[in-house]
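Asks:
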Amino acid sequence: MGPTPIDPEELLQRIRSEHRTLRWQPLAPDPVRPGSDGEQIRSEESLTYLHRNWMLPDTYEEPGRAGLRSKASARMGSFVYRVLGPYLRAERELLAHMVRVNDAQEKRCDELTNRIQELRHQVADRQVAEARNQAELAVWLHQALADRDDGNDATHATHATDDPS
Amino acid sequence: MVGSGRHQPVVAVLSPHWGLGTERGTITRQVAGALACSSEVHVITPTGTAPGTRQDGVFTVHRLGRGDLGPAELRRDLLLTAVAASAGPGQRSDSPDLGRLLDRGLVDPWTAGTEVLGGLRPDVIVLADHRAVGALSAVDRYDPDAPVVLLALAGGDGHLSFPHFDPVVERAGPVLAVTETERRSVADRIGSDADVHRIGAPLAANASVRSEPNPWVGDTGYVLVLTDRGSEDSHVQNELARLIRMRFSDRPVGITHRDGFVAWHEGRAHSGWPVERSSDLARLMAFAAVTVDLRQPELYGRSAVESLLYGTPIVVADDSRSREHAQRGRGGLWFADPAELLWCIDSLLDEATNDVMGAQGRTYAEDEYGSTDRFIDRVTAACGLDVDDIPVVIRVSTPA
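Chains as they are written, first to last, in this note's numbering: chain A, 1 to 165; chain B, 1001 to 1400.
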């Protein structure tokens, strides 16, 4: 047995009677959704370079070549490194902290970017839902106004008929 | 029916226009084509830049060379609209002054038609359009007793209710109407439906459109809204289209405008080229969940019938000529105000309702409009010609 046939006139009557009562209400606020782990900017070239190259050498490495000139140069280098050692270690600490701060900021930027994207979607969804809801209210008000006008016309007509003059 | 010395009847079709592009023009050509299956068809039209006769497919077209009747017809239509606005259907008098104004520029161009008819000596004369006062005068000058068939072409404009056109309707023997609504309005006008025939129109679903959905809306069960206005026009069609895309913003809504096609979804719009080819419109209708036709069809609502042929239910205005397809064909719903418009669409988006009404509509459209053979038979029989004269080779399918 196939599906029950539908008479459009009966369906239209049913639709009209069903929509006479107001079923509209303002939309409740949407719950705020937690941000998701979206795309991050860790692929930035400069950030990668910083991560690889921030560390200064711990000791002076001798060139290891033979000859008087090379030996003199190595001794001079070792001396200079010993003298500047404390400054270079402090510099290394400073660079390490800078890279860490940079890293933290990059992470925070990613979180905020994802949050903004999430909010944009949320706002768009909300606008769509609000528009839909407002359209429903508009048509119901339109219909209710028309019914009221019809009622007024009928009342006026009745009064006009009742008027003995 | 066949005149002496002829092997098949000669039919003269008198039409103010000869060409496609409008529902009236298309149905005139389709009726002439149906008659050409069993007779020799001559078309007489006052249009053309110079008088002349040429072959157009199976038709011999006699152009009287009186230029474009468009401006005169526009003046007549504006006059009728103005009179209709000031007087109800029963209060429209047929004063000679009004008659002269209505006929200005529309009767004289037919003068040479009498001579053409004299040369053809047609067995049947078909007048296309119930407002063809000029064509009727040409026929009466030729032979006041010549058998006349009227292709009424009475649209939703209400022109049929003007007494000025009564002589055309009353002079005709058989009257051909495309839809039941038109048939009833003609029968009401002449007070009898004995010789008023519903002929329908030959339409067919294009099976190939199902293989390629429109790229803007895909096959997403969208709502298709048809308008004949520019997207920026301030018009009630655009206001209703806006209401629909707001109310059904959670699903794609495709809107055809004169200047482009816009696909809306979740508040975002994607614009495309205007839908100009009939196959593009067919593709859109074939994949839609509902077709909402906000236009006022000229004669019978070809797009609404085509939508039903693809199994897509329709929503149309309650004063539209397409309402018949929704109501009698049980293939959709009709609305009286914006609220009902949205409720109707909402109801038809229900899957179970959509399936049933889509199937009902397709059955109706295939029965009433889907067969060229049946159309030819109806036209031939209504014009008093012999259906048995139609060669079997012409038929699309051999009748059972």
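Cβ coordinates follow ideal geometry from the N, Cα and C atoms, glycine included.
Hey, alanine 135(A) and leucine 1333(B) are a contact pair by Cβ (cut 8 Å); roughly how many whole angstroms apart?
Replies: At roughly 18 Å, the Cβ-Cβ gap does not stay under 8 Å, so alanine 135(A) and leucine 1333(B) are not in contact.
Asks: Can you give the Cα-Cα distance for alanine 1400(B) and tyrosine 1369(B), rounded to whole angstroms?
Replies: Residue placement at alanine 1400(B) is flagged as unreliable, the pLDDT there being 40, under the threshold of 50; the coordinate-derived value follows with that caveat. Answer to the nearest angstrom: the Cα atoms are 18 Å apart.
Asks: Identify whether glutamate 9(A) lies in helix, strand or coil by the three-state DSSP scheme.
Replies: Glutamate 9(A): helix per DSSP, three-state reduction.
Asks: Verify whether the separation of the beta carbon atoms of aspartate 1280(B) and asparagine 1214(B) is less than 9 Å.
Replies: For aspartate 1280(B) and asparagine 1214(B), yes; Cβs fall inside 9 Å.
Asks: Along the chain, where does the beta strand (DSSP E) that runs through glutamine 1360(B) open and close?
Replies: Segment 1351-1369 is the alpha helix (DSSP H) holding glutamine 1360(B); no beta strand (DSSP E) there.
Asks: Reducing DSSP to helix, strand and coil, say where glycine 1384(B) ends up.
Replies: Glycine 1384(B): coil per DSSP, three-state reduction.
Asks: For valine 1292(B), which of helix, strand or coil comes out of DSSP?
Replies: DSSP places valine 1292(B) in strand when its eight states are reduced to three.
Asks: Between the stretch 1237-1250 of chain B and chain A, which residues of the former have a C-beta closer than 7 Å to a C-beta of the latter?
Replies: The residues in question are Leu1243, Met1246, Arg1247, Ser1249 and Asp1250.
Asks: Does the beta-carbon of methionine 1357(B) have 16 or more other beta-carbons within 10 angstroms, so that it is buried, or is it exposed?
Replies: Classification for methionine 1357(B): buried.
Asks: If valine 1139(B) sits next to alanine 1128(B), beta carbons under 8 Å apart, how far is it from one beta carbon to the other, in whole angstroms?
Replies: Incorrect: roughly 12 Å between the Cβ atoms, too far for contact.
Asks: Going along the chain, which unbroken runs of the beta strand (DSSP E) with 3 or more residues stay wholly within the stretch 1094-1176 of chain B?
Replies: Qualifying beta strand (DSSP E) stretches, in chain order: 1124-1128 and 1148-1151.
Asks: Aspartate 7(A) versus chain B: which residues are under 9 Å apart at the beta carbon?
Replies: Going along chain B in sequence order, the residues near aspartate 7(A) (Cβ under 9 Å) are Arg1330.
Asks: Assign proline 3(A) to buried or exposed, taking buried as 16 or more other Cβ atoms, counted over all protein chains shown, within 10 Å of its Cβ.
Replies: Exposed, since its Cβ has fewer than 16 Cβ neighbours within 10 Å.
Asks: For a contact meaning CB atoms closer than 7 Å, what does proline 1338(B) contact in chain A?
Replies: Chain A residues near proline 1338(B): Val139 and His142.
Asks: Output yes if chain B places a C-beta closer than 9 Å to the C-beta of glutamine 117(A); else output no.
Replies: No, no contact with chain B.
Asks: Output needed for threonine 1022(B): all residues of its chain with C-beta closer than 7 Å, excluding positions within five of it in sequence on either side, in chain order.
Replies: Answer for threonine 1022(B): Glu1298, listed in chain order.
Asks: State the CB to CB distance for the pair serine 1231(B) and histidine 1265(B), rounded to an integer number of angstroms; the pair is presumed to be in contact (CB under 8 Å).
Replies: So it is not a contact: roughly 17 Å between Cβ atoms.
Asks: Looking at C-beta atoms only, is the number of pairs between the stretch 1004-1014 of chain B and the stretch 1104-1124 of chain B that lie closer than 8 Å three or more?
Replies: Output reads yes: the stretch 1104-1124 of chain B touches the stretch 1004-1014 of chain B.
Asks: Can you confirm whether arginine 16(A), when its beta carbon is compared against all beta carbons of chain B, has any partner nearer than 9 Å?
Replies: Yes, arginine 16(A) counts as interfacial toward chain B.
Asks: Return the first residue and the last residue of the alpha helix (DSSP H) that alanine 1405(B) is part of.
Replies: In the structure as shown, chain B starts at 1001 and stops at 1400, and residue 1405(B) therefore has no counterpart that could be examined.
Asks: Counting C-beta neighbours from all protein chains within 10 Å, is the total for valine 1327(B) 16 or more, i.e. buried, or is it exposed?
Replies: Contrary to the premise, residue 1327(B) reads as glutamine rather than valine in this sequence. Looking at its Cβ environment, which holds 16 or more other Cβ atoms inside 10 Å, glutamine 1327(B) is buried.
Asks: Would a C-beta distance cut-off of 9 Å place arginine 1283(B) and glutamate 1212(B) closer than the cut-off?
Replies: Yes.
Asks: With DSSP as the reference, label serine 165(A) as helix, strand or coil.
Replies: Confidence is the limiting factor: at serine 165(A) the pLDDT is only 37, short of 50, which leaves the residue's position unreliable, though a coordinate-based value still follows. Three-state result, serine 165(A): coil.
Asks: Just the Cα atoms here: how many angstroms apart are arginine 1374(B) and leucine 145(A)?
Replies: Looking at the two C-alpha atoms, the distance is approximately 48 Å.
Asks: Taking Cβ positions only, does threonine 1398(B) come closer than 9 Å to chain A?
Replies: Caution is warranted here: a pLDDT of 44 is assigned to threonine 1398(B), below 50, making its placement in the model unreliable, and the coordinate value is therefore given only provisionally. No, threonine 1398(B) does not count as interfacial toward chain A.
Asks: Quick check: what's the CA-CA separation for proline 1274(B) versus histidine 1159(B)?
Replies: Spanning the two alpha carbons is a distance of roughly 32 Å.
Asks: Measuring alpha carbon to alpha carbon, tell me which of Thr1380(B), Ile1199(B), Leu1102(B) and Leu1203(B) ends up nearest valine 1133(B).
Replies: For the residues Thr1380(B), Ile1199(B), Leu1102(B) and Leu1203(B), the minimum Cα distance to valine 1133(B) belongs to Leu1102(B).
Asks: Given glutamine 1060(B), which residues of its chain have a CB within under 6 Å of its CB, disregarding the five upstream and five downstream residues?
Replies: For the record, residue 1060(B) in the displayed sequence is threonine; it is not glutamine. If we look at threonine 1060(B) and ignore the five residues flanking it on each side, its Cβ neighbours are His1042.
Asks: Of all Cβ atoms in chain B, is any one closer than 9 Å to the Cβ of aspartate 150(A)?
Replies: Not closer than 9 Å to any Cβ of chain B, the Cβ of aspartate 150(A) fails to qualify, so no.
Asks: Determine contact between the stretch 1292-1309 of chain B and the stretch 1168-1185 of chain B, defined as no fewer than three beta-carbon pairs at a distance below 8 Å.
Replies: Segments in contact, yes.
Asks: Going by beta carbon distance, what residues of the same chain come within less than 7 Å of glycine 1173(B), once the five residues before and after it are set aside?
Replies: Cβ within range, chain order: Pro1147, Val1148, Val1149 and Asp1195.
Asks: Do histidine 1270(B) and tryptophan 1216(B) have their C-beta atoms closer together than 9 Å?
Replies: Going by C-beta atoms, histidine 1270(B) is nearer than 9 Å to tryptophan 1216(B).
Asks: Determine the chain B residues that contact threonine 132(A) at a beta-carbon separation under 9 Å, and present them in chain order.
Replies: Just to set this straight, residue 132(A) is arginine in the shown sequence, not threonine. Those are Met1246, Arg1247, Phe1248, Ser1249 and Asp1250, listed as they occur along chain B.
Asks: So, is the C-beta of aspartate 125(A) closer than 9 Å to a C-beta in chain B?
Replies: With 9 Å as the cut-off, aspartate 125(A) counts as an interface residue toward chain B.
Asks: Measuring alpha carbon to alpha carbon, tell me which residue in Leu1120(B), Asp1355(B) and Val1316(B) is nearest alanine 1336(B).
Replies: The candidate whose alpha carbon is nearest that of alanine 1336(B) is Val1316(B).
Asks: Quick one: complete alpha helix (DSSP H) runs, 4+ long, within the stretch 1296-1322 of chain B?
Replies: DSSP runs (the alpha helix (DSSP H)) wholly in the stretch 1296-1322 of chain B: 1302-1309.
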